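Read in order, the letters of the sequence shown correspond to residues 3 to 272 in the working numbering.
Yeah, the Cβ is synthetic: ideal placement off N, Cα and C, and Gly gets one too.
Nothing here was measured: the structure is a model prediction, and the numbers come from that model.
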Amino acid sequence: MGDMFSIDGETGEETLLYTWCECSGSSQPEQVPPGDGGGGEPVSCGPGYIQDEYGNCVVDDQIIVELTGKVKCIYDKLMNSNSGFKNAIQKFDGEFPVSHLKFINTTSLPNNINATTHPPLNYLITIEVNDNNLSRPNLSIARTLIHETIHAEMFRKILSILENGGDLNGLTIDEWNQKLSNGDYLGIYDYYSRFGINGMQHKQMAAHYRTTISDYLKEFQPGLSESIYASLAWEGLKGTTSWNLLPLSEKNAINVIIANFEQAGSEDCN
Numbered sequence: 003m004g005d006m007f008s009i010d011g012e013t014g015e016e017t018l019l020y021t022w023c024e025c026s027g028s029s030q031p032e033q034v035p036p037g038d039g040g041g042g043e044p045v046s047c048g049p050g051y052i053q054d055e056y057g058n059c060v061v062d063d064q065i066i067v068e069l070t071g072k073v074k075c076i077y078d079k080l081m082n083s084n085s086g087f088k089n090a091i092q093k094f095d096g097e098f099p100v101s102h103l104k105f106i107n108t109t110s111l112p113n114n115i116n117a118t119t120h121p122p123l124n125y126l127i128t129i130e131v132n133d134n135n136l137s138r139p140n141l142s143i144a145r146t147l148i149h150e151t152i153h154a155e156m157f158r159k160i161l162s163i164l165e166n167g168g169d170l171n172g173l174t175i176d177e178w179n180q181k182l183s184n185g186d187y188l189g190i191y192d193y194y195s196r197f198g199i200n201g202m203q204h205k206q207m208a209a210h211y212r213t214t215i216s217d218y219l220k221e222f223q224p225g226l227s228e229s230i231y232a233s234l235a236w237e238g239l240k241g242t243t244s245w246n247l248l249p250l251s252e253k254n255a256i257n258v259i260i261a262n263f264e265q266a267g268s269e270d271c272n
């Protein structure tokens with residue numbers, strides 16, 4: 003068993019992209035016929051599951067927010083001020099079935115890692131935010147939450163295509179190729195086929211999600227220059243193909259804007 007990580011050298015953001023292991027079967031409770039087959043005691047699906055209209059045990063999709071302190075405050079502000087971020091989060095609730103999304107604080111990550119997004123396990127995608135690395139502007143922390151939520155959304159889409167019992171483990175490379183190529187998200191297959199599971203997410207995010215990140219940041223804290231929002235959107239995405247294609251002068255300008263903005267340091271959130 004082994005893990006594949008994608009770590010950005012500039013910000014230290016780490017994403018666990020895939021866990022290789024040998025396994026079989028599904029962690030989902032066994033399906034049952036309607037009414038449990040007739041006349042017996044009601045079937046309990048267990049924690050995290052409910053019965054659908056046919057009596058099958060299915061995942062009870064939900065958003066689990068166990069954040070505390072400053073990060074929880076920033077998360078709440080994002081949800082209240084940002085329709086785009088809120089819509090992205092709501093894809094994990096009961097109206098958009100596929101997986102749970104869980105946010106938690108942690109102090110176990112190294113100080114140079116802002117957050118990490120774990121791939122789905124038993125239908126649960128977990129985002130850990132590093133409490134040791136919050137001495138920065140609130141907009142920077144909001145960017146971390148947005149960045150990680152996009153990772154989670156990518157995992158959600160992959161999970162919906164693979165239909166593998168709530169996680170990404172146990173499939174062969176051929177099975178990945180077959181399912182992704184026949185799935186609803188051909189863009190994901192394109193990046194997977196070109197860059198592999200360990201390199202696809204940041205490259206896809208850099209090419210297609212920077213404007214989304216910038217727009218969410220602008221909704222969270224309006225009134226700043228467009229260059230600040232656009233530059234912050236690059237955080238965690240340096241070293242990607244899109245970044246490497248930029249002229250050196252543009253890279254330097256982005257780095258200066260980010261450095262000047264981050265010098266503001268920690269802010270209260272209330």
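Would you report the Cα separation of C271 and Q180, rounded to the nearest angstrom?
Roughly 47 Å between the two C-alpha positions.
Could you spell out the range, first to last residue, of the alpha helix (DSSP H) harbouring K88?
85 to 92 is the span of the alpha helix (DSSP H), which, as asked, contains K88.
Using only the alpha-carbon positions, how far apart do N89 and N82 sit?
11 Å
Quick check: what's the CA-CA separation for T243 versus W236?
12 Å
Ordered along the chain, which non-local residues of its own chain (more than five positions away) have a Cβ less than 6 Å from that of E273?
With the chain represented from 3 up to 272, any question about residue 273 goes unanswered, as that position is not in the structure.
Across which residues does DSSP place K104 in a beta bridge pair?
Looking at the DSSP assignment, K104 forms a beta bridge with I66, T128.
Measuring alpha carbon to alpha carbon, tell me which of A266, I175, G185, G71 ends up nearest G198.
I175
The alpha helix (DSSP H) that contains L170, what's its start and end?
Where L170 is concerned, there is no enclosing alpha helix (DSSP H), given that its DSSP letter is neither H nor E.
How many Å lie between Y218 and G189 at the Cα?
22 Å
Considering Cα atoms alone, identify which of N171, S137, F105, D186 is closest to I148.
F105
Going by DSSP, what residue range makes up the alpha helix (DSSP H) through V242?
Here residue 242 is Thr; the residue named in the question, Val, does not match the sequence. Note, T242: premise wrong, no alpha helix (DSSP H); not H, not E.
Relative to the alpha-carbon of D169, which residue among G185, T146, N124, N135 has its alpha-carbon at the smallest distance?
N124
How big is the Cα-Cα spacing for T108 and I163?
30 Å
With DSSP as the reference, label A235 as helix, strand or coil.
coil
Checking contacts by CB at 7 Å: is N114 closer than that to chain C?
Annotation note: the requested chain C is absent from the structure, which comprises a single protein chain.
So the candidates are L126, G86, T146, V100; which of them puts its Cα closest to the Cα of I115?
T146
Using the Cβ count rule (16 or more neighbours within 10 Å means buried), how would you classify R196?
exposed
Leaving out five residues on either side along the sequence, give the residues of the same chain with a beta carbon under 7 Å from the beta carbon of F222.
K79, L80, S83, N84, L141, A144
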